[in-house]
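What follows is a single structure, written as structure tokens, with notes after it.
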Amino acid sequence: STLFPCDLTIQGPGVLNVAAQASIVCNTGQGCTGVLLKDVVIACAAGPTRIIGPLQLAGSELMAGSMRLVQTTVRDCAAAEEGGSVRVFYNASLSLQEVVITNSTSLQGGGAIAVVGASARVANCTFSRCTARSGGALSMRKFNQDYQITGTQLPALRSTVAIEHSQFLENSAEDGGAWAAEGSTMTISNSTFRANAASGIGGAGKLNSTSTAMLQNSSLEGNAAANNGGAMHLAGSTLTLSASSLAQNS
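Residues -9 to 240 (the working numbering) are what the sequence shown spells out, left to right.
Right, here's the structure in full:
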């Protein structure tokens, strides 16, 4: 059979009410090239925790695929798997511009967003009161060689995330109250992390497994961890701070 390229655009203004187990899934291996949501409110219905979040994008070796959210709000979503609201994996690309994600939960990593062997750009966004086991608002990790999408073994890929002019407020997790990175590369500029909390390590963030991060012109204020790293916790990783402030973390 032949798969013809297609994409999905949802243009507001308007509210998209998402039923308890409903999701938008774009798989480039099945012909989907991308998703665009603009000026939309995505409201997840109450009920049992869904298996996956409402927005999913899977790339492939032949086609990356892209997902763009612009001037959009996502609220009250929850998932058993990574990414309570959004998950992108394997060679896919995510772009968030002027997006608000609030009250989003994952039972694994990334209460709002999970990036797995993919890339993401976050600009002028706010994440608040999101929760997860790792990375209260955002998790990023290497795509493992043994992780399969289509039944074939795929090469490992690092995740790359760029955050600018954004706020992470009152998010929480066991580790990495706002974000957690494993085998990934991230840059953060002109952003604020305030009042995030971890019941374990890394009140604002956690870096491990050869991750690298650069923070420029950003502030980490009033974050807390019950064990170590009220601001951040590093293990086998590299962090560079430039013109950034850490204050009243505990």
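Just so you know, even glycine gets a beta-carbon here, dropped at the ideal spot from N, CA and C.
Since the model is a prediction, treat every value here as computed from it, not as a measurement.
Pairwise C-alpha distance: residue j and residue i
i, j, result
"N114", "L236", "21 Å"
"L52", "Y80", "11 Å"
"S232", "N180", "11 Å"
"G21", "T202", "34 Å"
"Q11", "I41", "7 Å"
"A70", "Q157", "25 Å"
"G2", "T62", "9 Å"
"S189", "N217", "7 Å"
"G195", "V105", "15 Å"
"R77", "E164", "20 Å"
Rounded distance between the beta-carbons of residue j and residue i, thought under 8 Å
i, j, result
"G74", "A122", "7 Å"
"A187", "A214", "5 Å"
Where residue i falls, given that 16 or more other Cβ within 10 Å makes a residue buried
i, result
"Q46", "buried"
"G24", "buried"
"P44", "buried"
"S199", "exposed"
"T230", "exposed"
Closest by C-alpha distance to residue i, when choosing among the options
i, options, result
"L27", "L59, T39, G43 and D(-3)", "L59"
"G161", "G101, L(-2), T39 and I14", "Reading off the sequence shown, one finds Asn at residue 161, where the question assumed Gly. The shortest Cα separation from N161 among G101, L(-2), T39 and I14 belongs to G101."
"V89", "E71, S149, I178 and V31", "V31"
"N17", "Q1, A36, D(-3) and P3", "D(-3)"
"T228", "V105, F183 and L205", "L205"
"A82", "I153, N7, A163 and G19", "G19"
"I0", "R65, A36, M57 and P38", "M57"
"G192", "R65, G55, V8 and G125", "G125"
DSSP bridge partner residues for residue i (one or two, in chain order)
i, result
"H223", "K196"
"G22", "Contrary to the premise, residue 22 reads as Cys rather than Gly in this sequence. Bridge partners of C22: C(-4)."
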